[in-house]
DNA sequence: CTTATCGTTCGATAATCATCGAACAGTGGG
DNA sequence: CCCACTGTTCGATGATTATCGAACGATAAG
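Residue numbers (this note's numbering), protein chains in the order written: chain Y, 6 to 111; chain F, 6 to 111.
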């Protein structure tokens with residue numbers, strides 16, 4: 006069924022703290038989130054740690070992060086654009102993202 | 006073997022962010038951490054959510070939190086004193102605990 | 001000393017999660 | 001139009017984690 010398709014994202018109000026924490030409790034997934042701090046990235050450009058990670062595994066990481074409300078995953082041409090949901094997370098859990106990602110943001 | 010015994014705790018420098026996040030990614034464990042914000046508590050006085058939770062399950066929660074470095078679990082008479090490791094966590098991951106526990110601390 | 005209480009450990013079972021190959025579907029280029 | 005490319009889904013397997021009864025040790029109280 007799916008190739009480049011709109012995937013479901015939780016609304017801001019539906020984001021659960023425990024799910025966010027769980028999503029970020031894996032080193033690989035945390036690394037992905039960190040990469041998105043400086044702005045959106047195409048999935049192909051997002052290497053996290055292991056460069057030759059199987060596609061399906063990588064896609065699964067994105068699913069966990071997306072379903073938790075940490076990132077947005079949208080069609081972008083033939084690829085996918087990954088965006089950190091900073092505003093939503095900041096509104097829901099002030100200071101959390103900065104603390105986790107080690108960003109002072111000022 | 007063990008009844009009231011000294012249990013191993015990670016040192017401040019050994020505390021891993023991903024383990025802390027994982028420990029707090031469970032609603033029950035998160036509730037326990039929140040209960041300790043106002044100060045140490047005897048384990049028996051710490052009801053989290055379910056009051057008639059089996060002892061072994063409760064003990065397991067404490068183990069996860071302790072091994073992650075979130076709480077300290079020390080002998081206290083016949084019971085056990087649970088303490089949130091605020092200073093250690095604040096030193097290692099500034100702002101994290103406040104954000105997670107929803108405390109502004111001021 | 002004997003007994004009741006507290007909480008950890010052990011062991012077994014169930015549930016959840018991770019990993020990855022294969023198949024598939026949109027997209028854009030030739 | 002056809003093909004190469006990207007990334008999701010499915011399905012199977014293995015690894016972690018959760019749950020809880022039972023047994024044990026240590027302490028405090030009587």
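The C-beta atom is built at its ideal place from N, Cα and C for all residues, glycine as well.
- Here residue 88 of chain Y has 41, 45, 76 and 77 as same chain residues with Cβ atoms under 7 Å from its own Cβ, once five neighbours each way along the sequence are excluded.
- When 7 Å is used as the limit between beta carbons, residue 104 of chain F is near these residues of chain Y: 98, 99, 100, 101 and 104, in chain order.
- The beta-carbon separation of residue 98 of chain Y and residue 30 of chain F, rounded to 13 Å, does not stay under the 8 Å limit for a contact.
- For residue 31 of chain Y, the residues of chain F that pass the 7 Å Cβ criterion are 23, in the order they occur in the chain.
- Taking C-beta separations shorter than 8 Å and ignoring five residues to either side along the sequence, the partners of residue 49 of chain Y in its chain run 84, following chain order.
- Annotation: Cβ neighbours of residue 35 of chain F in chain Y (cutoff 9 Å, chain order): 22, 23 and 26.
- The distance from the Cβ of residue 101 of chain F to that of residue 94 of chain F is about 6 Å, consistent with a contact at the 8 Å cut-off.
- Separation of the CB atoms of residue 36 of chain F and residue 54 of chain F is rounded to 5 Å, and the pair is thereby assigned contact status at 8 Å.
- Residue 20 of chain Y: not part of any alpha helix (DSSP H); DSSP gives it neither H nor E.
- Rounded to the nearest whole angstrom, the C-alpha separation of residue 16 of chain F and residue 71 of chain F is 11 Å.
- Per the coordinates, the alpha-carbon of residue 23 of chain Y lies some 10 Å from the alpha-carbon of residue 34 of chain F.
- Following the DSSP letters along the chain, one finds residue 95 of chain F in no beta strand (DSSP E) but inside the alpha helix (DSSP H) bounded by residues 91-97.
- In the DSSP annotation of this structure, the continuous segment of the beta strand (DSSP E) that includes residue 77 of chain F starts and ends at 76-81.
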